[in-house]
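Here the numbering used here is used: the first residue of the sequence shown is 126, the next is one more, and so on. Every residue, glycine too, gets a C-beta built ideally from N, C-alpha and C. Predicted, not measured: the structure shown is a model, and the values here were computed from it. Comments concern the structure below.
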Amino acid sequence: MSLGICLPCILALLSLPNLNGIHAIEIKPNTNITAGSNSTWKSPLGDFEFGFHELPNGLFLVGIWFGRIKGRTLVWYHGPPVGQNYKIQFTSAGQLIVANPDGTTAQNIFITGNGDAAAATSAYMQDDGNFVIMDSNLSHVWQSFNSPTNTILPGQTLQSNQILYSKGKGLSNYSTGNFMLHMLENGNLDLRSYLWSGPAYWYISTSTLNVSLVFNATTALMHLVSGTRITYSLSNNTPTPVKDYYHRATIDENGNFQQYAYHKRNGTEWRRVWRAVEDPCRVNAICGVYGLCTSPDNELVKCECIPGYIPLDHQDVSKGCQPPSVFNYCEKTSFKLQVFEDTDFQFDTNFARITKVDLEGCKKAVMNDCNIVAATYDASTSTCAKKRLPLLNARNSSSSKGQIALLKFANDVESKIPKKKNSFNVRIFLKVMLAVTATLAGFFGALAVYYHPFTQRLTRRKKKHMESCQDVEDSEDDDLVLSNLVLRCVVSKKLELLVRHDSEVLNDFKRFEEMALVGLWCVHPNPALRPSMKVVMQMLDGAVEVGVPPLVYDMMMANESL
126 MSLGICLPCI LALLSLPNLN GIHAIEIKPN TNITAGSNST WKSPLGDFEF
176 GFHELPNGLF LVGIWFGRIK GRTLVWYHGP PVGQNYKIQF TSAGQLIVAN
226 PDGTTAQNIF ITGNGDAAAA TSAYMQDDGN FVIMDSNLSH VWQSFNSPTN
276 TILPGQTLQS NQILYSKGKG LSNYSTGNFM LHMLENGNLD LRSYLWSGPA
326 YWYISTSTLN VSLVFNATTA LMHLVSGTRI TYSLSNNTPT PVKDYYHRAT
376 IDENGNFQQY AYHKRNGTEW RRVWRAVEDP CRVNAICGVY GLCTSPDNEL
426 VKCECIPGYI PLDHQDVSKG CQPPSVFNYC EKTSFKLQVF EDTDFQFDTN
476 FARITKVDLE GCKKAVMNDC NIVAATYDAS TSTCAKKRLP LLNARNSSSS
526 KGQIALLKFA NDVESKIPKK KNSFNVRIFL KVMLAVTATL AGFFGALAVY
576 YHPFTQRLTR RKKKHMESCQ DVEDSEDDDL VLSNLVLRCV VSKKLELLVR
626 HDSEVLNDFK RFEEMALVGL WCVHPNPALR PSMKVVMQML DGAVEVGVPP
676 LVYDMMMANE SL
C-alpha cells in the first residue's frame with residue numbers, strides 16, 4: 126500500500142484525543158443508548174462503561190461502572206431511574222440528555238448555555254472513569270469528575286465546596302441518603318449527617334483556604350492539598366498498587382467514608398484499605414431518634430429501639446423509634462430507672478452537666494428532674510450528663526466502654542413496652558408457620574372440593590380430617606397434618622393439644638397462641654386479607670391486635686352447621 130493511501134488514515138488517528146496515553150473512542154453527536162439493550166459506551170481498555178444500569182426493581186439508572194469486574198459497582202450515577210426504551214442521547218446540539226420513549230426530554234445531564242449550542246462536538250469514556258464532553262478544540266466543556274455523586278476515583282479531585290452524598294439504603298435506592306462528605310471553603314473536610322444540626326462525626330481541620338481533596342492517580346493515596354502543598358494525608362501507604370488494583374473511595378449508605386481496592390486479574394471482591402470512622406456507631410443519627418446502635422465487631426451495624434420505644438418502620442429500624450404514647454413526666458409520680466453498662470449517648474446533646482457526683486447521685490438527679498428521661502454517667506470523671514430530647518445516638522460499641530446510660534420511664538408504661546423476643550420464640554414461630562401452612566393447605570384444598578361456587582352451598586362430608594379437636598387426644602397419629610386441626614383447636618381453646626409434648630412451647634404458651642393466630646392470617650385463602658410483613662411484625666410486637674381471621678372462622682362455622 127502506498128504512503129499516499131495510508132497518510133489520510135494516519136492523520137485521522139493522530140487527530141483523535143490521546144486520553145491517558147491511549148486513543149479514546151469518540152462518541153459523536155446523534156448517538157444514543159437504549160435502556161434494556163445492554164449497549165454501553167466503553168473506555169478504550171474496557172475498564173469503565175457508561176450506560177443504563179439495571180436495578181433489582183427492573184428500572185434503569187444512568188451510570189458509570191467498572192467494566193472488567195464481576196457485579197457492577199457504580200462510581201457515578203444520574204437519577205431518577207427510568208423504564209425500558211428510554212434513551213441516553215448525545216444530541217446534534219452537543220447536549221447529553223435522557224429522552225422519553227417518544228423522544229421528548231426526560232432529564233438533562235449536560236446542556237449547553239445560550240450562544241454556544243454547538244460548542245460540544247464529541248464525548249469520551251476514559252479509562253480513569255471520567256466521562257468527558259469536548260468542544261472542537263478538544264477542551265472539556267463537561268466531565269463527570271466535576272459532578273461527583275458518592276464516589277471519587279484515582280486522578281479525581283474533590284474541589285473546595287464540593288460534596289459527596291451517600292446513596293439511599295437498598296440495592297435499588299439511589300436517591301440522596303442521609304450523610305455527606307463536604308470539602309469546606311475554610312479548608313476543613315468533614316463527615317456529617319446533614320439532616321441533623323449536630324456536629325461533624327469525623328473531620329480534618331487544616332486552617333488553610335483553597336484546599337482540595339486529591340485522590341492521587343499514581344499512589345492511590347488521598348491528600349488534602351493547597352496549591353502544590355500537601356497539608357494533610359488521609360492515608361500514608363497502601364499495599365495495593367494502582368497497576369494491579371482498581372481503587373475507589375465511597376461514602377456508603379451508613380455514613381462512613383472508605384477506600385476500597387479490587388485486584389485487576391484475580392479479584393473476587395472489594396477489599397477495604399482505609400476508612401475514616403473506625404467505630405460505625407460514631408456516625409451521627411445512624412439509628413435515628415430513640416434508636417440504639419450496636420456493633421460488637423466494628424463492622425456490621427445493628428439498630429434497635431431503646432427500651433420503652435417502638436420502631437417507626439419495622440422493616441428499617443434505622444429510621445428511628447417513637448414512644449408508644451405521649452407521657453408528661455412532670456405529672457407522673459411513679460418512675461422506673463434502667464441502667465445500661467457500656468452504653469452512652471454521644472455528641473454534645475447535654476441539657477445539663479453535673480460534676481463530682483457518683484452513680485447513685487446521677488440516678489437521683491435524673492429521677493428528680495421531670496424534664497429529663499436519660500443521662501450518661503462517666504465514672505472516670507465522676508460526671509453526670511443529662512440529655513436533651515429527642516434522644517439521639519445511643520450506642521453500645523467499642524467507643525462506649527466504661528460508660529453508663531440511665532433511662533427513665535413511667536411504671537405504668539411497662540405493659541405497653543414490647544417484650545424483647547428471644548431465640549426460642551423465633552423457633553416457635555417457625556414451628557407454628559410450618560404447622561399452620563401444612564394444615565391449612567389441606568383444609569382449604571378439601572374445602573374447595575366441598576364448596577360449589579355456582580350453588581353457593583357447603584356439603585358436609587364425614588371425613589377423619591373433619592373430626593373434632595377433642596378426638597385428637599385419642600390418637601398420636603392425629604397430631605399430623607389434619608385438615609382443620611389448627612382452626613378447631615384455636616376456636617375451642619384447646620390449641621395446647623397440638624404441642625402437648627413440646628415443653629419449650631408450653632413454657633410460653635400464650636406467645637405460641639398469638640403466633641398461631643398470626644400464622645392463620647399469613648396463609649389466609651383470600652390473598653387480599655393476608656397482612657403485609659410490616660403488619661406481621663406489628664402483630665408479633667403486640668402493636669396490632671390479633672384475632673381469628675373472619676373468613677376462616679365463618680367457613681368453619683358454616684361447615685359445622687350443615
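Segment limits, beta strand (DSSP E) that includes residue i
i: L338; result: 336-340
i: G176; result: 173-179
i: C418; result: 416-420
i: V464; result: 460-466
i: W190; result: 185-191
i: C455; result: No beta strand (DSSP E) contains C455, which DSSP labels as neither H nor E.
i: V257; result: 256-260
i: A619; result: Note that residue 619 is Lys in the sequence shown here, rather than Ala. It is not in any beta strand (DSSP E) - K619 carries neither H nor E in the DSSP assignment.
i: P205; result: 199-207
i: V266; result: 265-268
i: L289; result: 288-292
i: Y299; result: Y299 -> no beta strand (DSSP E), and no H or E assigned at all.
Rounded separation between residue i and residue j - CA only
i: W321; j: F340; result: 28 angstroms
i: R400; j: S459; result: 46 angstroms
i: N303; j: T356; result: 29 angstroms
i: A342; j: N521; result: 39 angstroms
i: E621; j: E638; result: 8 angstroms
i: Q268; j: R636; result: 60 angstroms
i: A149; j: D469; result: 55 angstroms
i: S657; j: L425; result: 27 angstroms
i: C487; j: S507; result: 9 angstroms
i: Y415; j: P364; result: 41 angstroms
i: F476; j: C509; result: 11 angstroms
i: T419; j: K427; result: 5 angstroms
i: A325; j: D315; result: 6 angstroms
i: T276; j: S524; result: 27 angstroms
i: Q463; j: N210; result: 58 angstroms
i: A500; j: L180; result: 44 angstroms
i: T344; j: Q287; result: 23 angstroms
i: V187; j: G527; result: 48 angstroms
i: F270; j: P421; result: 37 angstroms
i: E310; j: S332; result: 10 angstroms
i: T393; j: H348; result: 28 angstroms
i: S361; j: V398; result: The question names Ser, but residue 361 in the sequence shown is Asn. If you take the alpha carbons of N361 and V398, they lie about 11 angstroms apart.
Exposure label - residue i; buried when at least 16 CB within 10 Å
i: L170; result: exposed
i: M308; result: buried
i: P405; result: buried
i: K481; result: exposed
i: L642; result: buried
i: R485; result: Note on identity: in this sequence residue 485 is Glu, with Arg being the wrong assignment. Looking at its Cβ environment, which holds fewer than 16 other Cβ atoms inside 10 Å, E485 is exposed.
i: M259; result: buried
i: S291; result: buried
i: D172; result: buried
i: S318; result: buried
i: R373; result: buried
i: N536; result: exposed
Residue of the options minimising C-alpha distance to residue i
i: P252; options: K167, A345, M662; result: The residue you asked about is not Pro; residue 252 is Asp in the sequence shown. Closest option to D252, Cα to Cα, is K167.
i: A218; options: N225, T165, T246; result: T246
i: N391; options: Y370, P366, T506; result: Y370
i: Q214; options: V207, V223, G208, N262; result: V223
i: M662; options: W646, H439, Y385, P226; result: H439
i: L338; options: L517, N313, P324, Y319; result: N313
i: L417; options: N518, S318, N453, W395; result: N518
i: G208; options: L462, A231, P421, Y319; result: A231
i: F256; options: W201, A490, S285; result: W201
i: Y328; options: F382, I152, R655; result: F382
i: V336; options: P366, M305, T282; result: T282
i: F452; options: L296, E466, I497; result: I497
i: K294; options: L184, E429, T331, N379; result: N379
i: E429; options: D422, S443, P421, N423; result: S443
i: S264; options: L514, T274, Y249; result: Y249
i: Q447; options: Y454, K195, P432; result: P432
i: K461; options: C455, T165, K533; result: K533
i: L531; options: K489, P515, R407; result: K489
i: R478; options: S162, C455, W395, Y502; result: Y502
C-beta neighbour in chain D for residue i, strict 8 angstroms
i: G352; result: Among the chains in the structure shown there is no chain D, since it carries only a single protein chain.
Closer than 7 angstroms: residue i CB and nearest the ligand MN heavy atom
i: W267; result: What this structure holds is no ligand at all, so the ligand MN is not there to describe.
Just list the beta strand (DSSP E) runs in the segment 468-532, keeping only unbroken ones of 3 residues or longer that don't cross its boundaries, in chain order.
475-479, 499-503, 508-512, 519-522
Going residue by residue through the segment 317-367, where are the continuous beta strand (DSSP E) segments of at least 3 residues, counting only ones entirely within it?
327-329, 336-340, 347-351, 354-358
Start-end ranges of the beta strand (DSSP E) lying completely within the segment 378-454, minimum 3 residues
382-388, 396-400, 416-420, 427-430
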